[in-house]
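Q: Handing you a structure now.
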Amino acid sequence: MFKIAFIKEACYQDLWVGDNNDTSSDLIRSSLLRTGPIGLLETFGSDFFIVKSNNSKAGQKIRFCQIPKNLISKEDYKLIERTKIKINSSRHPFRCPNDFSYDVEKINWSKYDIVISLNFAVPISIRKVHPEILWVCMTGEGRFPVQSSCWDYFISHDYPNTPVAELKIINMPYTFIPPRYIFDNFNTSKDKKGIYIEINSKGNQLKNQTLFKKFYSLNLNSEFHSEDIEKNLKKISSCKYFIKLGGRPVRGNSFLEAMSARSLCLLNFKDCYGKIPFHQYCYFKDEKHLIEKLQFLEKNNEFLSELLNYQDSILKNMIENVKNQFEIALSNKRKSLGSKMSKKSLKKTGIKSIFKKSLQPIIGRTCYNSLVRINDPTLDLNKYLPSLLE
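Using the numbering used here, you'd call the opening residue of the sequence shown number 1 and step up by one each time.
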């Protein structure tokens, strides 16, 4: 088995505020926005660190590639570092990222086989000193550069349908979470009942009184998103069904949360593009079809249980496939380091350095711009950013 360090910089606007002395559920309660890859800690036993912000040009550039400056400015990032939040925990109920931030130079990197960095939290100076580590970058918004320096792999944010990594991409969702985890840690209801409406559902649908009257006729009340992450997860855990009613397509992190909360996901075929293998029954064509499915499920608890168990298997397969991808990637990295080709390549460092500093950025920008111009339907342009070379 491998040892993982998961790294977030203090200015990162999302995820946990704490350290390895916190329980995983307390870390989730401290999250500014989303549950995140808690399975790295729960299933793989990873260590979690907040580090001082990487304010290099590349570090800042990737932040603004993910979220434009007009939405979050440099001053906003500095404010995030020192802003105190209150969480439901006996240990440090008031906390900010700076309370937990490490100097990257003082972390014992040699303890780890794999380091997963949110954006460029770990600077290139550290990555170069530890070539034996598998360096993996998890960009904040699921878009990664066409080219980069000293990163072995990028994380795609998509569900891993196979145990094989794609070239330099490891498929792992942002919400990487074990089955039943949210149900076991946040459920407060003896009996699950009602419907949770997915946050990105279409506004017009939410005003459809006829549809909601039909829900009520089945004794299914509706719950909606809460800004407080703990309250929100309790709501999802209390509901039997998690339904997306139109609106923009999503990658699927909220569906994975619902699966972990033992709530059955119901959606349209076009609602999720994150490659999650939902059971065929979970798709509905229109409102009438949705109501028919709910009516059937309310009368057939055994079939509902089968579907929930299938969702558990989706999360189990996700964890196993990600584990295999990490193992294969780490094995390949170690073979590369030990090979004669790797030794020969060290002699060519000077040539490579000249190439990277001069020609590679030009080639990278050309490739990126060409992808945009070609508009090839087989390429998901939402995945790509211009080259970011440090």
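Backbone N, C-alpha and C fix where the C-beta goes; we use that ideal spot for every residue, glycine too. Note that the coordinates shown come from a computational prediction; the quantities given were computed from them, not determined experimentally.
Please classify C11 as buried or exposed, where buried requires at least 16 other C-beta atoms within 10 Å of its C-beta.
A: For the purposes of this step, residue 11 is identified with residue 11 of the sequence shown, where counting begins at 1. Burial call: buried.
Q: Mind checking who W109 pairs with in its DSSP beta bridge?
A: By one-based count along the sequence shown, residue 109 stands at place 109. Its beta-bridge partners do not exist; DSSP assigns none.
Q: Along the chain, which unbroken stretches of the alpha helix (DSSP H) at least 4 residues long are found entirely within the segment 120 to 192?
A: 124 to 129, 181 to 186
Q: Give me the Cα-Cα distance between P145 and I276, rounded to the nearest whole angstrom.
A: Sequence index remark: in the sequence shown, residue 145 carries index 145 (1-based). Sequence index remark: in the sequence shown, residue 276 carries index 276 (1-based). Computed Cα separation, rounded: 24 Å.
Q: Can you tell me whether F48 is buried or exposed, with buried defined as 16 or more other CB within 10 angstroms of its CB?
A: Position 48 of the sequence shown, counting from 1, holds the residue named residue 48. With 16 or more other Cβ atoms within 10 Å, it is buried.
Q: Count the CB pairs spanning the segment 312 to 324 and the segment 148 to 162 that are closer than 8 Å, and state whether there are at least three.
A: In short, these stretches touch, since the Cβ pair count reaches three.
Q: By a C-beta neighbour count over all protein chains shown, 10 Å radius and 16 as the cutoff for buried, is N391 buried or exposed?
A: No statement about residue 391 is possible, as the shown extent of the chain runs from 1 to 390 and does not include it.
Q: Nearest to M172 by alpha carbon, out of C65, I243, Q205, Q325?
A: Here residue 172 is taken as the residue at index 172 of the sequence shown, counted from 1. Ranking C65, I243, Q205, Q325 by Cα distance to M172 puts Q325 first.
Q: Check the DSSP bridge columns for W114 and list the partner residues they point to.
A: Stepping through the sequence shown from its first residue, residue 114 is reached at position 114. According to the sequence displayed, residue 114 carries Ile and not Trp. DSSP, once it has assigned bridges, lists I4, L134 as partnering I114.
Q: Please return the same chain residues whose Cβ sits closer than 7 Å to the Cβ of K333, not counting the five positions on each side in sequence.
A: Position 333 of the sequence shown holds residue 333. The answer, listed in chain order, is L134, D152.
Q: Keeping to the same chain, check which residues put their C-beta closer than 7 Å to that of Q13; ignore five residues upstream and five downstream.
A: Numbered from its first residue, the sequence shown carries residue 13 at position 13. L32, I72, I80.
Q: Alpha carbons only, please: which of I28, E141, C150 is nearest the one belonging to E132?
A: Sequence index remark: in the sequence shown, residue 132 carries index 132 (1-based). Residue C150 is the option with its Cα nearest to E132.
Q: Indicate whether the contact test is met: 3 or more Cβ pairs, each with one atom in the segment 219 to 233 and one in the segment 17 to 35, closer than 8 Å.
A: yes
Q: Tell me whether V322 sits in a helix, a strand or coil according to DSSP, three-state version.
A: The count along the sequence shown starts at 1 and reaches residue 322 at position 322. Helix, per DSSP.
Q: Which ranges would you report for the alpha helix (DSSP H) in the segment 40 to 97 if only whole runs of at least 4 residues count?
A: 57 to 66, 74 to 82
Q: Is the Cβ-Cβ distance between R82 and G18 less than 8 Å?
A: Position 82 of the sequence shown holds residue 82. Position 18 of the sequence shown holds residue 18. Contact: no.
Q: Thinking just about the alpha-carbon of each residue, which of N20, L40, S387 is nearest to the one in I177?
A: By one-based count along the sequence shown, residue 177 stands at place 177. The alpha carbon of I177 has as its nearest neighbour, out of N20, L40, S387, the alpha carbon of L40.
Q: Go ahead and pull the three-state DSSP assignment for L264.
A: One-based indexing of the sequence shown puts residue 264 at position 264. Reduced to three states, the DSSP call for L264 is strand.
Q: Kindly identify the DSSP beta-bridge partner or partners of S101.
A: Locating residue 101 in the sequence shown gives position 101, where the first residue counts as 1. Paired residues: I50.
Q: Does G142 pass the burial test, meaning 16 or more other C-beta atoms within 10 Å, or should it be called exposed?
A: For the purposes of this step, residue 142 is taken as residue 142 along the sequence shown, with counting starting at 1. By the neighbour-count rule (16 or more Cβ atoms within 10 Å), G142 is buried.
Q: Measure the C-alpha to C-alpha separation of K213 and S24 and round it to an integer number of angstroms.
A: Looking up residue 213 in the sequence shown gives position 213. Looking up residue 24 in the sequence shown gives position 24. Rounded to whole angstroms, K213 to S24 spans 39 Å at the Cα level.
Q: Using the three-state DSSP reduction, which class does Y243 fall into: helix, strand or coil?
A: As a first step, residue 243 must be located in the sequence shown, where it is residue number 243. Reading off the sequence, residue 243 comes out as Ile, not Tyr. In the structure shown, I243 sits in a strand (DSSP, three-state: E or B).
Q: Can you say whether M259 is buried or exposed, counting buried as having 16 or more other CB atoms within 10 angstroms of its CB?
A: Within the sequence shown, the letter at position 259 stands for residue 259. The residue is buried, with at least 16 neighbouring Cβ atoms inside 10 Å.
Q: Would you mind giving the Cβ-Cβ distance between K285 and L266, rounded to the nearest angstrom? I have them listed as a contact below 8 Å.
A: In the sequence shown, residue 285 corresponds to position 285, counting from 1. In the sequence shown, residue 266 corresponds to position 266, counting from 1. Not really, about 12 Å apart at Cβ, beyond 8 Å.
Q: Quick check on K3: buried or exposed, where buried means 16 or more other Cβ atoms within 10 Å of its Cβ?
A: Within the sequence shown, the letter at position 3 stands for residue 3. Here K3 is exposed, its C-beta having fewer than 16 other C-beta atoms within 10 Å.
Q: Here's the rule I'm using: 16 or more other beta-carbon atoms within 10 Å means buried, otherwise exposed. How should K299 be labelled?
A: Your numbering for residue 299 matches position 299 in the sequence shown. Burial call: exposed.
Q: Which one of T188, N208, G274 has the shortest CA to CA distance from K234?
A: Here residue 234 refers to the residue found at position 234 when the sequence shown is read from its first residue. For K234, the nearest C-alpha among the options comes from T188.
Q: So is Y196 buried or exposed if we call it buried at 16+ other beta carbons inside 10 Å?
A: Position 196 of the sequence shown holds residue 196. Per the 10 Å Cβ criterion, buried.
Q: Please report the distance separating the alpha-carbon of N119 from that of R91.
A: Working through the sequence shown from its first residue, we reach residue 119 at position 119. Working through the sequence shown from its first residue, we reach residue 91 at position 91. Near 28 Å, if we compare the C-alpha coordinates of R91 and N119.
Q: Please list the segments of the beta strand (DSSP E) lying wholly inside the segment 264 to 295, counting only runs of 3 or more residues, in order along the chain.
A: For the segment 264 to 295, the continuous beta strand (DSSP E) assignments of 3+ residues that do not extend past its boundaries occur at 264 to 266, in sequence order.
Q: S222 to G252, Cα distance in whole Å?
A: Residue mapping note: residue 222 aligns to position 222 of the sequence shown, counting from 1. Residue mapping note: residue 252 aligns to position 252 of the sequence shown, counting from 1. If you take the alpha carbons of S222 and G252, they lie about 20 Å apart.
Q: Would DSSP call S237 helix, strand or coil?
A: Counting from 1 along the sequence shown, the entry for residue 237 is found at position 237. Helix at S237.
Q: So, with DSSP's three-state summary, where would you put Y12?
A: Here residue 12 refers to the residue found at position 12 when the sequence shown is read from its first residue. Y12: coil per DSSP, three-state reduction.
Q: Tell me where the alpha helix (DSSP H) around I28 begins and ends.
A: What you label residue 28 is simply residue 28 of the sequence shown in a count that begins at 1. Residue range 24 to 29 is occupied by the alpha helix (DSSP H) that includes I28.
Q: Should Q209 be labelled buried (16 or more other beta-carbon atoms within 10 Å of its own) or exposed?
A: The residue labelled residue 209 in the question sits at position 209 within the sequence shown. By the 10 Å Cβ count, Q209 comes out exposed.
Q: Under 8 Å by Cβ, that's how I've got I50 and Y102 pegged, so tell me the actual separation to the nearest angstrom.
A: Mapped onto the sequence shown, residue 50 falls at position 50. Mapped onto the sequence shown, residue 102 falls at position 102. The pair is a contact, with the Cβ atoms about 7 Å apart (cut-off 8 Å).
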